[in-house]
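Visitor: For the sequence shown, the working numbering assigns the number 4 to the initial residue and increments by one for each residue that follows. Think of the CB as a built atom: it goes at the ideal place given N, C-alpha and C, for glycine as much as any other residue.
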Amino acid sequence: MTMPSRLTITQPDDWHVHLRSGELLATVLPFSARHFGRAIVMPNLQPPIVTSAQAQAYRAEIQALLPNDSSFTPLMTLYLTEQTNKADVKAGFEAGMVSAVKLYPAGATTNSDAGVRDLEKVYPVLETMEAIGMPLLMHGEVVDPSVDIFDREAVFIETKLIPLRAHFPKLKIVFEHLTTQQGVDYVQSCAENTAATITPHHLVINRNAMLVGGIRPHYYCLPVAKRESHRLALRKAATSGDKRFFLGTDSAPHLDHAKQSACGCAGIFNVANTLAVLAQVFEQENALDKLEGFVSLHGAAFYGLAPNPRRLTLERSATAQAIPERVKLSQGELTSFDPMMPVYWSVNA
Ligand code: NCD
Ligand code: ZN
């Protein structure tokens with residue numbers, strides 16, 4: 004088979020992104036808006052977005068920064084707390100203001116202190132969501148200090164997710180940023196109301212990227228990259244055509260000084276080259292015909308939305324693309340994900 008040098012697909016969506024607020028939002032938003040039709044916007048601001056009114060205000064902040072001719076649509080989420088009001092969740096969803104609710108186990112990641120400690124406390128909210136068909140997005144890691152960080156996703160499945168799923172068989176659940184073989188196996192064992200997002204970086208790096216030859220903070224994110232066998236399982240799932248797996252970049256920008264520190268923040272800023280990197284990954288797996296499903300179709304179908312009307316073209320050139328440049332802000336710089344492999348694909352402007 005000869006390698007195609009052009010690929011035109013339905014415009015993609017990003018089903019998990021951190022857009023932040025203020026200057027950081029203004030800086031990173033154009034990278035999402037130029038390629039993606041829609042994005043599920045994470046609510047872990049400081050303070051977190053916990054009510055529909057806050058989601059509405061945050062959406063307005065995002066929309067005010069978009070050029071008039073932009074078709075980019077931010078889809079808002081609520082940060083689930085033990086105090087979340089189920090009537091507010093329902094009203095926000097039914098008004099089309101809020102698309103999903105995000106569950107962060109308290110302490111699991113950046114700005115998750117207000118998250119859930121006791122899952123049973125949020126059962127009334129989950130019952131409402133199950134009844135109205137509103138997706139629950141999960142950060143699937145336990146926070147028990149006795150559990151090794153590399154095992155936290157697998158232990159979460161056994162101790163939290165399986166019981167939760169049994170209690171709410173009809174709830175739509177997205178297991179966010181899957182990083183393990185166990186996660187892939189779990190999602191594949193479920194009916195169609197369970198899905199998972201996968202990031203570009205977890206398809207490209209394993210934990211060596213972070214730790215071999217020096218400690219490399221720009222490859223540190225949560226859930227942390229695992230060993231090679233897990234990366235291979237994720238690549239197989241993403242390129243399989245299985246509708247339960249779709250793109251969530253988990254692009255999570257932090258300024259360099261916050262990452263390059265004695266206690267560096269978790270998060271990889273990857274939206275500048277997400278689609279180019281993914282095209283390269285799918286080419287390596289001889290699965291370019293599966294790219295459109297993963298980036299443009301499966302997620303929309305899970306959320307009950309039509310695919311984007313626009314198209315996007317990727318082109319393959321003979322020479323590798325440069326790594327995206329660092330982005331300058333008033334308080335510091337932002338480093339883009341370097342996939343440490345030649346990337347011949349780029350999005351046609
Ligand atoms: C995210 C962030 O910085 O907000 N960090 C990350 O490593 N992915 C939080 C998250 O999604 O866990
Ligand atoms: Zn995230």
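Which value, in whole angstroms, describes the spacing of the CA atoms of Lys-239 and Asp-341?
Guide: Each residue's alpha carbon lies about 22 Å from the other.
Visitor: Please name the residue in Asn-196, Phe-297, Pro-226, Ala-94 whose C-alpha comes closest to that of Asp-151.
Guide: Comparing Cα-Cα distances from Asp-151 to each of Asn-196, Phe-297, Pro-226, Ala-94, the minimum goes to Pro-226.
Visitor: With Thr-131 as the anchor, note down where its alpha helix (DSSP H) starts and where it stops.
Guide: Here the alpha helix (DSSP H) through Thr-131 covers 126–135.
Visitor: What is the DSSP secondary structure of Met-141, counted as helix, strand or coil?
Guide: Note: Met-141 maps to strand in three-state DSSP.
Visitor: Comparing the CB of Met-137 with every heavy atom of ligand 2, is any distance shorter than 6 Å?
Guide: Met-137 Cβ: outside cutoff for every heavy atom of ligand 2.
Visitor: Quick one: what's got a C-beta closer than 6 Å to Pro-138's C-beta in the same chain, skipping five residues either side?
Guide: The residues are Ala-103, Lys-175, Val-177.
Visitor: Just list the residues that DSSP pairs Leu-359 with in beta bridges.
Guide: Since the displayed the chain opens at 4 and closes at 352, residue 359 lies outside it and no answer follows.
Visitor: Looking at Leu-83 and Val-125, is the spacing between their C-beta atoms short of 7 Å?
Guide: Cβ distance < 7 Å, so Val-125 and Leu-83 count as in contact.
Visitor: Would you identify the three-state DSSP class for Leu-181, choosing helix, strand or coil?
Guide: If DSSP states are grouped into helix, strand and coil, Leu-181 belongs with coil.
Visitor: Taking the C-alpha atoms as reference points, what is the distance between Ser-243 and Leu-237?
Guide: Using only the alpha carbons, I get a separation of about 10 Å.
Visitor: Any contact of the segment 328–337 with the segment 26–37, i.e. 3+ C-beta pairs under 8 Å?
Guide: Yes, the segment 328–337 is in contact with the segment 26–37.
Visitor: Whole angstroms are fine: how far does the CA of Leu-332 sit from the CA of Asp-17?
Guide: Between Asp-17 and Leu-332, the C-alpha separation is close to 24 Å.
Visitor: Taking 6 Å as the line, does the beta carbon of Ala-42 fall inside it for any heavy atom of ligand 4?
Guide: Only ligand 1 and ligand 2 can be found as ligands here, which leaves ligand 4 out of the picture.
Visitor: Could you check what DSSP says for Ala-241 in three-state terms: helix, strand or coil?
Guide: In the structure shown, Ala-241 sits in a helix (DSSP, three-state: H, G or I).
Visitor: Relative to the alpha-carbon of Ala-290, which residue among Asp-245, Ala-63, Pro-312, Gly-95 has its alpha-carbon at the smallest distance?
Guide: If we check each option's Cα against that of Ala-290, Asp-245 comes out closest.
Visitor: Work out the CA separation of Gln-57 and Met-100 for me, nearest whole Å.
Guide: The alpha-carbon atoms of Met-100 and Gln-57 are separated by roughly 10 Å.
Visitor: On the DSSP bridge list, what partners appear for Lys-105?
Guide: In DSSP, Lys-105 forms a bridge with Tyr-82, Leu-140.
Visitor: Over what stretch of residues does the beta strand (DSSP E) that includes Thr-30 continue unbroken?
Guide: Looking at the DSSP string, Thr-30 is not in any beta strand (DSSP E); the run it does join, the alpha helix (DSSP H), is 25–38.
Visitor: Between the segment 263–271 and the segment 309–318, do at least 3 Cβ pairs fall closer than 8 Å?
Guide: No: the two stretches stay apart, fewer than three of their Cβ pairs being nearer than 8 Å.
Visitor: Drop a sphere of 10 angstroms on the beta-carbon of Thr-322, count the other beta-carbons inside from all chains shown, and report buried for 16 or more, exposed for fewer.
Guide: Exposed.
Visitor: Rounding to the nearest angstrom, what Cα-Cα distance links Lys-105 and Leu-140 in this structure?
Guide: Taking the straight line from one Cα to the other gives about 5 Å.
Visitor: I'd like the list of long-range same chain contacts for Val-207, defined as Cβ closer than 6 Å, with 5 residues on each side in sequence excluded.
Guide: The residues are Pro-342.
Visitor: Nearer than 6 Å: is that true of the beta carbon of Thr-252 relative to any heavy atom of ligand 1?
Guide: Result no, Cβ not under 6 Å from ligand 1.
Visitor: Can you find the residues in the same chain that come closer than 7 Å, C-beta to C-beta, to Val-53, ignoring five residues on each side of it along the sequence?
Guide: The answer, listed in chain order, is Leu-81, Tyr-82, Thr-84, Thr-87.
Visitor: Spatial neighbours of Arg-168 within its chain, please: CB distance less than 8 Å, with the 5 preceding and 5 following residues excluded, ordered by chain position.
Guide: Once the five neighbours on either side are set aside, the close Cβ partners of Arg-168 are Leu-174, Ile-176, Cys-193, Thr-197.
Visitor: Pick out whichever of Val-284, Asp-292, Asn-311 has its Cα sitting closest to the Cα of Trp-348.
Guide: If we check each option's Cα against that of Trp-348, Val-284 comes out closest.
Visitor: In the structure shown, what three-state DSSP assignment does Phe-340 receive?
Guide: If DSSP states are grouped into helix, strand and coil, Phe-340 belongs with coil.
Visitor: If you run the structure through DSSP and keep just helix, strand and coil, what is Arg-155?
Guide: Arg-155: helix per DSSP, three-state reduction.
Visitor: Report the three-state DSSP secondary structure of Asp-17 (helix, strand or coil).
Guide: In this structure, Asp-17 counts as strand in the three-state DSSP scheme.
Visitor: What are the boundary residues of the alpha helix (DSSP H) that Val-284 is part of?
Guide: 277–287 is the extent of the alpha helix (DSSP H) around Val-284.
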